[in-house]
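Enquirer:
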Amino acid sequence: MPGNDSRLAVLSDMSDRLLHNSQKEDDMKVRQLFLVIAAIGLVPVALSYGVAPKESLGYLFDITVSNRNGAHIFRATMGLYVAVAIFWIIGAFRARVSQAALYSLIVFMFGIAAGRILSIVIDGVPHWLLVAYLAMELLFGILGVLLLRKQIRDPA
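To convert, note that position 49 of the sequence shown is 46 in the working numbering; the numbers rise steadily by one, no gaps.
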């Protein structure tokens, strides 16, 4: 019967739309979780650099921050890290900036990782925690690229 065929086509179309929307919602949740985890992971690093740089950097990495200029540089770095983390949180919950947040995460992670790799080549292997930071930065950069490619390929 012709009426049944059109009803089946409508049901099939509705089913496809629901499944497609469900996949897009799942993709968005993954991006949200990724950006939030990256931001949460970055904040302690930022705070360790800037809240009390003379104490924390000496304790963690045997770095001596002996004057206000050194403290100023590390506190400025903290400010940058916190600002980026805030942007990632905003990108996690505002769809219109999620792509920009992913781009900034990728540039940030690969930029910091490139500096660390350059330092390893020139200066040698640093403290184990800084090597762990490098591994995490590379991992998050790669995951960011994969999520961004998926978002561009299948826009929400």
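Ideal placement from N, C-alpha and C gives every residue a C-beta, glycine not left out.
Taking the alpha carbon of Leu35 as the reference point, which residue from Ala89, Gly55, Leu54 has its own alpha carbon closest?
Expert: The sequence shown places Ala at residue 35, rather than the Leu named in the question. Ala35 has its Cα closest to that of Ala89, out of Ala89, Gly55, Leu54.
Enquirer: Name the residue from Leu54, Val33, Arg91, Val27 whose alpha carbon lies nearest to the alpha carbon of Leu127.
Expert: Considering only alpha carbons, the answer is Leu54.
Enquirer: Measure from the C-beta of Leu143 to each C-beta in chain C and report whether the shortest distance is under 8 Å.
Expert: Absent here is chain C; the protein component of the structure consists of one chain.
Enquirer: Just to confirm, are Ala73 and Ile87 a CB contact at a threshold of 8 Å?
Expert: No. Outside cutoff.
Enquirer: Mapping DSSP to helix, strand and coil, what is His124?
Expert: The answer is coil: DSSP assigns His124 none of H, G, I, E or B.
Enquirer: Is it right to say Trp125 is buried, meaning 16 or more other beta carbons lie within 10 angstroms of its own, or is it exposed?
Expert: Classification for Trp125: exposed.
Enquirer: Who are the near neighbours of Gly141 in its chain, counting only those whose CB is closer than 7 Å to its CB and skipping five residues on each side?
Expert: Answer for Gly141: Leu99, Leu102, Ile103, Met106, listed in chain order.
Enquirer: Write down the C-beta distance between Val79 and Val33 rounded to the nearest angstrom, noting that I regard them as a contact closer than 8 Å.
Expert: In fact, because the Cβ distance is near 15 Å, the residues do not count as touching under 8 Å.
Enquirer: Please name the residue in Ala82, Val94, Leu145, Ala132 whose C-alpha comes closest to that of Gly38.
Expert: When each option's Cα is compared against that of Gly38, the closest is Ala82.
Enquirer: Write down the C-beta distance between Asp24 and Asp151 rounded to the nearest angstrom, noting that I regard them as a contact closer than 8 Å.
Expert: Correct: roughly 7 Å between the Cβ atoms.
Enquirer: Going by C-alpha distance, which of Ser95, Arg91, Pro123 is nearest Ile60?
Expert: The candidate whose alpha carbon is nearest that of Ile60 is Pro123.
Enquirer: Taking the alpha-carbon positions, what's the Arg65 to Ala132 distance?
Expert: Between Arg65 and Ala132, the C-alpha separation is close to 31 Å.
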